[in-house]
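Okay, structure first, notes after.
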Amino acid sequence: MSDSIFCKIRDREIPKEFIFEDEDIMVFPDISPIKPVHLLVIPKEHIPTIMELENSALMEKIHKLLKDMVKKHELDDKGFRIVINGGGAQAIDHLHFHLTGPWGHAADM
Ligand SMILES: [Zn+2]
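Per the numbering used here: the sequence shown ends with 126, consecutive numbering throughout.
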């Protein structure tokens, strides 16, 4: 069992208001939002990075949830980004997906 900050949030050691939660996934707003919508979609299991993700059923579930969140926040026509950082670019050692928007159309990386 890891003591990453997301594991502590999962275990209620750090209080956090979830937007969505089930047995596998939790979703809450990023603490430092870069856009009006900036959500973190996080598997509850401690998977350090995308490189260790082997569970295709979990990935499928996350994909479906990301699509639901895009629709719920009406970002499908406004431009959105789904970002997974890795290596030195990843701030927290527990896999998480950033959903941000709106970005407008044809936003550059
Ligand atoms: Zn963790």
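Even glycine gets a Cβ: it sits at the ideal position worked out from N, Cα and C.
The beta carbon of Lys52 sits closer than 8 Å to the beta carbons of Thr117, Gly118, Pro119 and Trp120 from its chain, once the five residues preceding and following it are set aside; these are given in chain order. In the structure shown, Glu38 adopts extended strand secondary structure according to DSSP, grouped into three states. In this structure, the C-beta of Ser21 approaches ligand 1 to less than 6 Å from one of its heavy atoms. Contact annotation: the region 35-50 touches the region 68-80, with at least three C-beta pairs closer than 8 Å. Assignment of Arg29 by DSSP, reduced to helix, strand and coil, places it in the coil class.
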